[in-house]
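These protein sequence lines map, in sequence, to chains H, C and G. Residue numbers for the first sequence follow the numbering used here, so the first one is 437 and each next one is one higher. Residue numbers for the second sequence follow the numbering used here, so the first one is 12 and each next one is one higher. Residue numbers for the third sequence follow the numbering used here, so the first one is 56 and each next one is one higher. See below for the structure under consideration.
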Amino acid sequence: MREVAVIGFTQSPSVRREPDRNEIEILIPVIQALREQTGLSSKDFDFICSGSSDYLAGQSFAFVSGLDAVGAWPPVCESHVEMDGAWALYEAWVKIQMGYADTALVYGFGKPSMGDLPLTMALQLDPYMVMPLWPDAISIAGLQARHCIDSGVLRPEDMAAAAVRDRGNAKSNPNAQVKGDFSVKQLLAEPFLANPLRKSDCAPISDGASAIVLAAGDRARKLRDRPAWIRGLEHICEPMDFGVRDLGRSRSTEIAARKAGVSNDKIDVAELSAPFTHQEILVERALGLTQKTKVNPSGGALAGNPLMAVGLSRIGECAARIWSGEADRGVAHATSGPCLQQNLVCVLEGN
Amino acid sequence: MAVLTAVVGIGQTKYEAKRLDVSMPGLVREAAERALADAGCSWRDIDAVIIGKAPDLFEGVMMPELFLNDALGGAYKPMLRVHTAGSVGGSTGIVAASMVQSGIHDRVLCVAYEKQSESNATWALSISLPFSLAAVAGAGGYFAPLVRGYIRRSGAPEDTGIRVAVKDRQNALRNPLAHLQLKDISFEMVANSPMLWDPIRYLETCPSSDGACAMVMEKESLASRRSGKVAWIHATEMRSEPTMFSGRDQVMPQATLDNAKNLYKKAGITKPREELDCAEIYVPFSWFEPMWMEGMLITEPNQGWKMTYEGATAFDGDFPVNMSGGVLSSNPIGASGLIRFAEAARQVRGMADQHQVDGAKKALGHAYGGGSQYFSTWIVGSQKP
Amino acid sequence: MSPSEEKTNQPVTVLACPISLDYAYSAGQSASRFLRAIAEGKLLGQRCPVDGRVYFPSRGACPMHGVTFGDDAVELSDKGTIVTFSIVRVPSQNITLPLPYITVNVVLDGADTILMHVLDAKLEDVHMGMRVQAVWKPREEWTTSTTNILYFRAINEPDAKYESYKEHI
Numbered sequence: 437m438r439e440v441a442v443i444g445f446t447q448s449p450s451v452r453r454e455p456d457r458n459e460i461e462i463l464i465p466v467i468q469a470l471r472e473q474t475g476l477s478s479k480d481f482d483f484i485c486s487g488s489s490d491y492l493a494g495q496s497f498a499f500v501s502g503l504d505a506v507g508a509w510p511p512v513c514e515s516h517v518e519m520d521g522a523w524a525l526y527e528a529w530v531k532i533q534m535g536y537a538d539t540a541l542v543y544g545f546g547k548p549s550m551g552d553l554p555l556t557m558a559l560q561l562d563p564y565m566v567m568p569l570w571p572d573a574i575s576i577a578g579l580q581a582r583h584c585i586d587s588g589v590l591r592p593e594d595m596a597a598a599a600v601r602d603r604g605n606a607k608s609n610p611n612a613q614v615k616g617d618f619s620v621k622q623l624l625a626e627p628f629l630a631n632p633l634r635k636s637d638c639a640p641i642s643d644g645a646s647a648i649v650l651a652a653g654d655r656a657r658k659l660r661d662r663p664a665w666i667r668g669l670e671h672i673c674e675p676m677d678f679g680v681r682d683l684g685r686s687r688s689t690e691i692a693a694r695k696a697g698v699s700n701d702k703i704d705v706a707e708l709s710a711p712f713t714h715q716e717i718l719v720e721r722a723l724g725l726t727q728k729t730k731v732n733p734s735g736g737a738l739a740g741n742p743l744m745a746v747g748l749s750r751i752g753e754c755a756a757r758i759w760s761g762e763a764d765r766g767v768a769h770a771t772s773g774p775c776l777q778q779n780l781v782c783v784l785e786g787n
Numbered sequence: 012m013a014v015l016t017a018v019v020g021i022g023q024t025k026y027e028a029k030r031l032d033v034s035m036p037g038l039v040r041e042a043a044e045r046a047l048a049d050a051g052c053s054w055r056d057i058d059a060v061i062i063g064k065a066p067d068l069f070e071g072v073m074m075p076e077l078f079l080n081d082a083l084g085g086a087y088k089p090m091l092r093v094h095t096a097g098s099v100g101g102s103t104g105i106v107a108a109s110m111v112q113s114g115i116h117d118r119v120l121c122v123a124y125e126k127q128s129e130s131n132a133t134w135a136l137s138i139s140l141p142f143s144l145a146a147v148a149g150a151g152g153y154f155a156p157l158v159r160g161y162i163r164r165s166g167a168p169e170d171t172g173i174r175v176a177v178k179d180r181q182n183a184l185r186n187p188l189a190h191l192q193l194k195d196i197s198f199e200m201v202a203n204s205p206m207l208w209d210p211i212r213y214l215e216t217c218p219s220s221d222g223a224c225a226m227v228m229e230k231e232s233l234a235s236r237r238s239g240k241v242a243w244i245h246a247t248e249m250r251s252e253p254t255m256f257s258g259r260d261q262v263m264p265q266a267t268l269d270n271a272k273n274l275y276k277k278a279g280i281t282k283p284r285e286e287l288d289c290a291e292i293y294v295p296f297s298w299f300e301p302m303w304m305e306g307m308l309i310t311e312p313n314q315g316w317k318m319t320y321e322g323a324t325a326f327d328g329d330f331p332v333n334m335s336g337g338v339l340s341s342n343p344i345g346a347s348g349l350i351r352f353a354e355a356a357r358q359v360r361g362m363a364d365q366h367q368v369d370g371a372k373k374a375l376g377h378a379y380g381g382g383s384q385y386f387s388t389w390i391v392g393s394q395k396p
Numbered sequence: 056m057s058p059s060e061e062k063t064n065q066p067v068t069v070l071a072c073p074i075s076l077d078y079a080y081s082a083g084q085s086a087s088r089f090l091r092a093i094a095e096g097k098l099l100g101q102r103c104p105v106d107g108r109v110y111f112p113s114r115g116a117c118p119m120h121g122v123t124f125g126d127d128a129v130e131l132s133d134k135g136t137i138v139t140f141s142i143v144r145v146p147s148q149n150i151t152l153p154l155p156y157i158t159v160n161v162v163l164d165g166a167d168t169i170l171m172h173v174l175d176a177k178l179e180d181v182h183m184g185m186r187v188q189a190v191w192k193p194r195e196e197w198t199t200s201t202t203n204i205l206y207f208r209a210i211n212e213p214d215a216k217y218e219s220y221k222e223h224i
């Protein structure tokens, strides 16, 4: 395998609603900042890959205008996944592995504030049997949380504690949307949104974009003093049908974590993209994290959730802590689909 | 550095206006099962599943790969969903190939599909955003002015498009999977069909189809051991450019020229017209055959129409194009690019039945999309490169 | 077989599930400037800070250079040249114009990119290089929309030379 590292990362602040800027206007400064951070221009990227969703944008081919932000001239080698940018990063990493590219630009963007997100997400479900019932995304997650609580997998207190931790960590993150000092007791006193989920159990709705530059071997060393090397990158998808999988654990995360070698050494830092507190706990367990790991120093997805960019941002947040020397080894996680259906695990190391 | 990779199994559904007998999972599974059977593999032999389709709004399912993955044996495997506009079928093939070429997987399944009967593609492509005048009527409305630009520039005779349409529709009669089977097709029939988006006539356009196409790809060490014929992937290439910028040549975009140049370079081809035995090109409106003959550097600028006129691109010509009947005969949009790639592979495997070009050893598969701005292509061969 | 049994044995082939989602679009900062101007009857293009080319309509950034346009707006004439066109004879759900109608790619005088719009003319008269001008709605109906221009119409000027507009096709 070729050595590949994350050497650049920029993001827009997560906000509940970008009232003025359209998606491309959110994305352009992110990519401009990335060019400045890395000293690279569009011509330096051998491959470009992006992640976005037409249904979030409410129009077909929404990703096409993303090319405007890149400055795709002369024509670029480019691809797009209808997935979180973390999977775009996977595709770019594959292209570098096969020797097609040495340097790649990856970005993800979404502006879910334009529509009714929980309702839009219902369109992910089986269109024949489930979707006609229009179960919104929070209710679906609520069913899973109820299963977890009633089968003793976790307690409401654990869920609230996850929110307290993430919101507290997010205080030091200027890009976070939900932050501050809270107590478990305080959060448990909140009314239910979709029993057993409270608002504090749910990731916010966020508009935003993020971008990453990957580079191979010596190119990475030249571009950054302490590159964040990708030592494991795996993703696994489960069946969608809720009746055929164990909703009290994240098996796909477990498999991806094993294949990515998460447990081969200590993990200093973990950045998780789970959009609900109970899911964050399931992911933490699936990754086998212990007390020694600092979880979600940025606040994670619960503090800022720009769909289609949020998973990619976790990789960036993790990499940034390796660049700074704050961590030697970290793991980043991205998810897609209802009830943690599909998960990606990325292990990053400073050495 | 890349691992040599081969197509070892191909499966397609019958292409039809409405496949009411199958659901979306049924449709993709039909193609995938045929590809597995062709490859002599079972679901368990597949390391990863790569799914491609055009915009989600076509079928009204957001990220439909999530609910389709199970029907494709993708449970607890890596799964990736590609979407690069009309070129997506081709890009899906390229992304799937790269999963093996990178050494990450040994054998992958790629599937691309569209079930247009479950939605309304023209609607999905023409949603009017506020503040702006809706002046473009679907894909035909977008491409017709470009076709006119090509005619003006090249001086091509006005009936070039008709000739392409007749030829592709005749080829479709050789392909039982093709959607449109017009047994009495003739020049007059196309010429007399209604003008839809002047200069594009009804029979010069593609149909709206349901269908899926699947391929199994494998690394060299496995594929070499096979007794059956495989298609070796000699080169793949992708290029994109923005939709609108000052001075953009929309008729002959720089992206297609750059794509072609780099593809041939990788495949070690210097004279594509002589070294390739046939090509399956993405031609949703008949005029795009001569345009992409130029865009793929198979002939000189403004000379593409002569290949059509002289019969070079006919089934028995010196450079057969769209032996399967092409997009003009079957168009499950998201799959259309992969079908082109699959036809190229069928040709070099010598498994194209009635539309087999005798002795085809190297073939080009091609797809494009967006406003003529996304290009994905590959060259496959019967021999290792 | 009774009628009800017969029905039970029929496969379900079509399941109608109407989907309706509401979106609140933002035109974006750049398009907002353009739309505010068009509400005043002005056509504002934007100049690329790198190569000086004038974009109309502008999407806020130069797609070639990936840079945001600054405040360098250029007011354009509502006259222009047809670089290419199509006559549409097929209905489309998003368009309410009566068939047939003419769609045109117009490059406005002073602009370096094309605008897609419609032309009011006899079908046999439309041609490449034709000089045209915008026909506006009555002033009191102007709003922040490109529909303030009803359509383009031919003007009595000699055709533009092919060389002058061919790069816009």
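Yeah, the Cβ is synthetic: ideal placement off N, Cα and C, and Gly gets one too.
With a threshold of 7 Å between beta carbons, G/I137 makes no contact with chain C. H/V506 has a beta carbon lying within less than 7 Å of a beta carbon in chain G. Under a 10 Å Cβ-count criterion, C/L79 is classified as buried, with 16 or more other Cβ atoms of the shown protein chains found around its own Cβ. With a threshold of 16 other beta carbon atoms within 10 Å, G/F140 meets it and is buried. Where G/I204 is concerned, the enclosing beta strand (DSSP E) starts and stops at I204 to A209.
Residue range Y156 to L163 is occupied by the beta strand (DSSP E) that includes G/I157. Note on geometry: alpha-carbon atoms of G/H172 and H/T446 lie some 38 Å from one another.
Contact annotation: in the stretch 77-88 of chain C, residues whose CB is within less than 7 Å of a CB in chain H are L77, F78, N80, D81, G85, A86, Y87 and K88. Excluding five sequence positions before and after H/A498, the CB atoms of its chain that fall closer than 8 Å to its own CB belong to E459, S488, S489, D490 and L492, given in chain order. In the three-state reduction of the DSSP assignment, H/S486 falls in the strand class, which pools E and B. Where G/H223 is concerned, there is no enclosing beta strand (DSSP E), because DSSP gives it neither an H nor an E. The beta-carbon separation of G/V190 and G/F207, rounded to 7 Å, stays under the 8 Å limit for a contact.
No Cβ of chain G is located within less than 7 Å of the beta carbon of C/S34. By the Cβ criterion, the stretch 77-96 of chain G is not in contact with the stretch 221-231 of chain C, since fewer than three pairs of Cβ atoms, one from each stretch, lie closer than 8 Å. Pairing G/N203 with H/P711, the inter-Cα distance amounts to about 44 Å. Assigned with DSSP and collapsed to three states, C/F330 falls in coil, not helix or strand. The three-state reading of DSSP puts H/S515 in strand, counting E and B together.
Within 10 angstroms of the beta-carbon of G/Y217 lie fewer than 16 other beta-carbons, which makes it exposed. Interface annotation, H/M676: in contact with chain C, CB-CB separation under 7 Å. Between the alpha carbons of C/M200 and C/A86 lies a distance of about 49 Å. Taking 7 Å as the CB threshold, C/P218 stays off the interface with chain G. Per DSSP, the continuous alpha helix (DSSP H) segment holding H/A696 begins and ends at R687 to A696.
Here H/F545 is bridged, per DSSP, to H/A645.
Residue nearest to H/L723 within the set H/Q580, H/R687 and H/P627 is H/R687 (criterion: CA-CA distance).
For H/M557, no CB of chain G lies under 7 Å from its own CB, so it is not counted at the interface with that chain. Here the alpha carbons of C/G151 and H/P675 stand approximately 38 Å from one another. Between the alpha carbons of C/A46 and C/I21 lies a distance of about 4 Å. In this structure H/A651 touches H/I443 by the C-beta definition: roughly 5 Å separates them, less than 8 Å. The DSSP-derived three-state label of G/G135 is strand. What G/T123 touches in chain H, judged by beta-carbon distance under 8 Å, is E461, I464, P465 and Q468, going in chain order. Here C/W298 carries a coil assignment [DSSP, helix/strand/coil]. Per the C-alpha coordinates, the member of H/P610, H/P571, H/T726 and H/A528 positioned closest to H/M557 is H/P571. Put simply, the CB of C/V122 is far from chain H, with every gap to its CB atoms at 7 Å or more.
Annotated three-state conformation of H/I751 is helix, per DSSP. For H/W529, the enclosing alpha helix (DSSP H) begins and ends at G521 to Q533. Annotation for C/A374: no alpha helix (DSSP H) segment contains it, though the beta strand (DSSP E) segment containing it runs K373 to G380.
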